[in-house]
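**Q** Respectively, the protein sequence lines represent chains A and B.
Numbering-wise (my numbering), the first sequence opens with residue 1 and increments by one.
Numbering-wise (my numbering), the second sequence opens with residue 223 and increments by one.
Even for Gly, the Cβ is constructed at its ideal location relative to N, Cα and C.
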Amino acid sequence: MDALLGQSINLDAAVLLMVSFAMISQRRILSLVHLYTLQGATLVLATTTVAYLTHQDHLYVSAALTLGLKVVLIPQLLHRVIDRLDVRWDVEPLINIPTTMLIGIALVVFSFNLALPIAQLSSSIARATLGIALACVLLSFMMMIVRAKAIPQVIGFLAMENGLFFAATAATNGMPMIVELGIGLDVLVGALILGVFMFQIREQFDSLDIRHLEKLRESEDR
Amino acid sequence: MIPATVPLFLCLLLPIAGGGVLALTGQRDAGPEINVAFSAATLAAALWLTADVVLGAPVLGLGERFFIDPLNAFLVTLTAFVGCTTALFSRPYMRIERERGKMTAPRMRLFHSMYQLFIAMMLVALTTNNLGVLWVAMEAATLTTVLLVSVYRTAASLEAAWKYFILCGVGIAQALFGTLLLYLAADRVIGGGEGALLWTHLAAVKTQLEPNILALAFAFLMIGYGTKVGLVPLHNWLPDAHAEGPTPISAVLSGLLLNVALYAILRCKVLVDGALVNGLAGQVMIGFGVLSVVVAAFFLRRQRDVKRMFAYSSIEHMGLMTFAFGLGGPIANFAGLLHMTVHSLTKSAIFFAVGHATQRAGSQAMDDIRGLLHASPTLGWGLTLGSLAILGLPPFGVFASEFLILTSAMRQLPWVTPVLLLALAVAFAAVFARVQAMVFGDSNLPPQSHPPALLPVFAHLGLSLGFGLFLPPFLVQWYRQAAQLIGG
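As structure tokens, then:
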């Protein structure tokens, strides 16, 4: 049974990676939020499994925190922002999607190579998934770079946080409690601030396109 | 005998309480005074704490969760001091902004409350012993200032704040991964749990930490916290955030937040140096440092906006400090710490003077500011002396620290010295020409409704001058101890 559960962590990791790729290729903002929720839910599942297998109680708290924040609260916040701003569609990436996918594959290969020597030194039961966790972080990072709109950038940012959380679980069976609590709080406050921001940007520019935000250039006469 | 944890908690709780009180009362007429009062009380607590640490032994508080040694004690004092003088400066400055309709009552409340919380988060970052909490506090300090950068709600300020948030958010995420790797390495030596992230524990076993993991961890930490320090090529957020936010925020960003981020790198460097004998961390820091100095110096010339120009000057000086700490050794570390102090004092003094000047001119463009000496001699002299001080002219403190940095560079890395000298000369020419045009000539500036706060400007410049003329022996001793802690 335990062996099977151990395997299921690898399955969760695979789902996380798939979700990351799906996010890169997704143009609908609403679907992006759904994918983010799915990513959060998978993270909860993985964390709970590791908690059960290693008998570390603080991981249950961490899983509960993830559930509350990243599966319920933040997606709801995002839904509300999308409703109020009425921006369900049309994300135009700066680089076309097939190219991004190809770069994504290269990133995955790179992360696996980088993580391999470290994973061998780790004593965690989920150490094999460290490469995937790093890949998720880098893929979300890339998503933030190639997207021109505010909300996909934010979702990329939040997905990167998810990747980091998974990396913490994979490599070290979770960070100490106080740190996880602090990170959770920072993510929440950050999401709230971003929500406020979106309205301000909308008010100011009448659009959420970040390309409006390119006025500040070097050496121009303002 | 009162235990040393009392001033520590006062120091951390006072600004947090201040944030709470000002969240309710910050919009009132007395808001700026309450802000000053809390900042002054924090400064008093910080001085008390520092006296305890410097005269006695390092303090561990609340189990081992807080740790203060001479290294962070001096930064705590500096943070509380500049926090207090900036509050004094913001009193007339923000009043005028409000009269001009740029600030409204809710925005005043936000400004004052977030200002206190920002100081509180930096103090937590400085005093914590836990590298994870250090990360959390750094992120929290960023979050408190994001809304302050965009407080005027102009298109440019929103853009600056968005850039600030996203770039620093991405950067700091790298630092979290680095912290994670540190924890992984510590986990193998001292076992899991909170102890594995406590700096004092890590420092005790630093030679046993796995070198491969630490090398990778340092790469991530350097990029992560380096973004916050504003090192080239991770500096893009910095000039925008400085130029578009209110001037008191520019002063504390430049004078304090960048220092705290550099402090985080230094703490990590100590661990990495212990594990890796090849000095990789130092070499990486030298590289980033020299690049920042050179690039920033050449960008200085192209600036039209006065706050942007001094923001680039901050990048240059942070680069110089990073370079000094990268060189390592007792003299370079000493010089780096001294440079940290005098740069904070001088740069915030400049921002105070610039703030009043731009407010009078109603514009941040340097071409719109003329004849400052004529309009307000004290303000004009404040800006002139401040600029000369930051450019490294004797007898100011920056000269002393830059001289020490350059002489140790000459001994350890001779080929870098001409590069640095050239960059400093370019910076001198660029800034001097601009400042000269602003202070001399006929004035075009209208009078102002509130008298400018000149005490902070001249207090800072006086201290900077004092550091350059004479370092009291106890200060020298203190800096030596601190330099030793980072491997001097």
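Compute the Euclidean distance between the alpha carbons of phenylalanine 654(B) and threonine 544(B), then round it to the nearest angstrom.
**A** One-based indexing of the second sequence puts residue 654(B) at position 432. One-based indexing of the second sequence puts residue 544(B) at position 322. Rounded to the nearest angstrom, the two C-alpha atoms are 24 Å apart.
**Q** Give me the subset of the segment 136-151 of chain A whose CB atoms are less than 8 Å from a CB atom of chain B, sorted by chain position.
**A** Cβ contacts with chain B: Val137, Phe141, Met144 and Ala150.
**Q** Under 9 Å between beta-carbons, which chain B residues line up against glycine 182(A)? List them in chain order, please.
**A** Locating residue 182(A) in the first sequence gives position 182, counting from the first residue. Result: Gly354, Val355, Trp357, Val358, Ala359, Glu361 and Ala362.
**Q** Would you list, in sequence order, the uninterrupted alpha helix (DSSP H) runs of no fewer than 4 residues that lie entirely inside the segment 48-109 of chain A?
**A** The qualifying runs are 57-66 and 74-85.
**Q** Kindly indicate which three-state DSSP category phenylalanine 289(B) falls into: helix, strand or coil?
**A** Walking along the second sequence from the start, residue 289(B) turns up at place 67. Strand at phenylalanine 289(B).
**Q** Taking the alpha-carbon positions, what's the glycine 688(B) to glycine 619(B) distance?
**A** Position 466 of the second sequence, counting from 1, holds the residue named residue 688(B). Position 397 of the second sequence, counting from 1, holds the residue named residue 619(B). Rounded to the nearest angstrom, the two C-alpha atoms are 7 Å apart.
**Q** Give me the Cα-Cα distance between proline 328(B) and glutamate 255(B), rounded to the nearest whole angstrom.
**A** Here residue 328(B) refers to the residue found at position 106 of the second sequence. Here residue 255(B) refers to the residue found at position 33 of the second sequence. Taking the straight line from one Cα to the other gives about 17 Å.
**Q** Give the residues from the segment 166-196 of chain A that approach chain B closer than 8 Å (Cβ to any Cβ), ordered along the chain.
**A** Residues passing the 8 Å Cβ filter: Ala167, Ala168, Ala171, Thr172, Asn173, Met175, Pro176, Met177, Ile178, Val179, Gly182, Ile183, Leu185, Asp186, Val189, Gly190, Ile193, Leu194 and Val196.
**Q** If you scan the segment 545-617 of chain B from start to end, which runs of the alpha helix (DSSP H) of 4 or more residues do you find wholly inside it?
**A** The segment 545-617 of chain B contains these whole alpha helix (DSSP H) runs: 552-583, 594-597 and 599-612.
**Q** If the criterion is Cβ atoms closer than 8 Å, does the pair alanine 22(A) and leucine 35(A) meet it?
**A** Within the first sequence, residue 22(A) is the residue found at index 22, counting from 1. Within the first sequence, residue 35(A) is the residue found at index 35, counting from 1. Yes; because the gap between Cβ atoms is below 8 Å, this pair is in contact.
**Q** Taking buried to mean at least 16 other C-beta atoms within 10 Å of its own C-beta, is tyrosine 60(A) buried or exposed?
**A** Reading the first sequence from its first residue, position 60 is the one you call residue 60(A). Exposed: under 16 other Cβ atoms inside 10 Å.
**Q** Do glycine 190(A) and leucine 365(B) have their C-beta atoms within less than 8 Å of each other?
**A** The count along the first sequence starts at 1 and reaches residue 190(A) at position 190. The count along the second sequence starts at 1 and reaches residue 365(B) at position 143. Yes, the pair counts as a contact, with Cβ atoms nearer than the cut-off.
**Q** Quick one: what does DSSP say lysine 149(A) is sitting in, helix, strand or coil?
**A** Taking the first residue of the first sequence as 1, we reach residue 149(A) at position 149. Correct three-state label for lysine 149(A): strand.
**Q** What residues in the segment 100-131 of chain A have a beta carbon less than 8 Å from any beta carbon of chain B?
**A** Listed in sequence order: Leu114, Pro117, Ile118, Leu121, Ser122 and Ser123.
**Q** So is leucine 438(B) in contact with chain A if we call contact Cβ pairs under 8 Å?
**A** Along the second sequence, read from residue 1 onward, the residue named residue 438(B) stands at position 216. True, the Cβ-Cβ gap to chain A drops below 8 Å.
**Q** Report yes or no: do three or more beta-carbon pairs, one from the segment 343-362 of chain B and one from the segment 157-168 of chain A, lie closer than 8 Å?
**A** Output reads no: the segment 157-168 of chain A does not touch the segment 343-362 of chain B.
**Q** According to DSSP, is arginine 222(A) part of a helix, a strand, or is it coil?
**A** As a working mapping, residue 222(A) is identified with position 222 in the first sequence. Residue placement at arginine 222(A) cannot be trusted, given a pLDDT of 38 that sits under 50; what the coordinates show is reported in the next sentence. Arginine 222(A) falls in the coil class under three-state DSSP.
**Q** Measuring alpha carbon to alpha carbon, tell me which residue in Leu246(B), Ala645(B), Gly509(B) and Asp462(B) is nearest methionine 531(B).
**A** As a position in the second sequence, residue 531(B) is number 309, starting the count at 1. For methionine 531(B), the nearest C-alpha among the options comes from Asp462(B).
**Q** Under the three-state reduction of DSSP, which class applies to glycine 323(B): helix, strand or coil?
**A** Counted from its first residue, the second sequence places residue 323(B) at position 101. In this structure, glycine 323(B) counts as coil in the three-state DSSP scheme.
**Q** Helix, strand or coil for aspartate 274(B) per DSSP?
**A** Along the second sequence, one-based indexing puts residue 274(B) at 52. Three-state result, aspartate 274(B): helix.
**Q** Can you check whether the C-beta of aspartate 409(B) is within less than 8 Å of a C-beta belonging to chain A?
**A** Translated into the one-based positions of the second sequence, residue 409(B) becomes position 187. Cβ-Cβ to chain A under 8 Å: yes for aspartate 409(B).
**Q** For leucine 230(B), would you say it is in contact with chain A, using Cβ-to-Cβ distances shorter than 8 Å as the test?
**A** Translated into the one-based positions of the second sequence, residue 230(B) becomes position 8. No, no contact with chain A.
**Q** Could you name the residues of the same chain whose beta carbon sits closer than 7 Å to that of valine 137(A), not counting the 5 residues immediately before and after it, in chain order?
**A** By 1-based counting over the first sequence, the position of residue 137(A) is 137. Correct list, in chain order: Met160, Gly163, Leu164 and Ala167.
**Q** Is phenylalanine 311(B) closer than 8 Å to proline 455(B) when the C-beta atoms are compared?
**A** Looking up residue 455(B) in the second sequence gives position 233. Looking up residue 311(B) in the second sequence gives position 89. No, the pair does not count as a contact, with Cβ atoms beyond the cut-off.
**Q** Kindly indicate which residue of Leu345(B), Phe288(B) and Leu282(B) has the alpha-carbon position closest to the one of valine 304(B).
**A** Position 82 of the second sequence, counted from the first residue, corresponds to residue 304(B). Answer by Cα proximity: Leu345(B).
**Q** Along the chain, which unbroken stretches of the beta strand (DSSP E) at least 3 residues long are found entirely within the segment 125-188 of chain A?
**A** Listed in chain order, nothing qualifies, since the segment 125-188 of chain A has no complete beta strand (DSSP E) run of 3 or more residues.
**Q** Do you know how far the Cα of glutamate 416(B) is from the Cα of arginine 287(B)?
**A** Position 65 of the second sequence, counting from 1, holds the residue named residue 287(B). Position 194 of the second sequence, counting from 1, holds the residue named residue 416(B). Cα-Cα distance, rounded: 9 Å.
**Q** According to DSSP, simplified to helix, strand and coil, what is leucine 222(B)?
**A** The structure shown has nothing for residue 222(B), since chain B only spans 223 to 710.
**Q** Out of curiosity, what's the CA-to-CA distance linking leucine 502(B) and leucine 559(B)?
**A** As a working note, residue 502(B) is residue 280 in the second sequence. As a working note, residue 559(B) is residue 337 in the second sequence. Approximately 21 Å, taken between the alpha carbons.
**Q** According to the Cβ coordinates, are tryptophan 357(B) and leucine 398(B) closer than 8 Å?
**A** Position 135 of the second sequence, counted from the start, is the residue given in the question as residue 357(B). Position 176 of the second sequence, counted from the start, is the residue given in the question as residue 398(B). Going by C-beta atoms, tryptophan 357(B) is nearer than 8 Å to leucine 398(B).
**Q** What does glycine 391(B) reach in chain A if we use C-beta pairs closer than 8 Å?
**A** Taking the second sequence and counting its residues from 1, the one referred to as residue 391(B) is at position 169. Near glycine 391(B) (Cβ distances below 8 Å), the residues of chain A are Phe157 and Gly190.
**Q** Taking buried to mean at least 16 other C-beta atoms within 10 Å of its own C-beta, is glutamine 525(B) buried or exposed?
**A** Translated into the one-based positions of the second sequence, residue 525(B) becomes position 303. Classification of glutamine 525(B): buried, given that the 10 Å Cβ count is 16 or more.
**Q** Can you tell me where the alpha helix (DSSP H) with valine 499(B) in it begins and where it stops?
**A** Within the second sequence, numbered from 1, the residue matching residue 499(B) stands at position 277. First-last for valine 499(B): undefined, no H or E at that position.
**Q** If we count the other Cβ atoms within 10 Å of its Cβ and call it buried at 16 or more, is valine 698(B) buried or exposed?
**A** Residue 698(B) sits at position 476 when you count from the first residue of the second sequence. Valine 698(B) comes out exposed.
**Q** For asparagine 257(B), which of helix, strand or coil comes out of DSSP?
**A** In the second sequence, counting from the first residue as 1, residue 257(B) sits at position 35. Three-state result, asparagine 257(B): helix.
**Q** Does methionine 1(A) come within less than 8 Å of chain B when only Cβ atoms are used?
**A** In the first sequence, the residue the question calls residue 1(A) occupies position 1. Cβ-Cβ to chain B under 8 Å: no for methionine 1(A).
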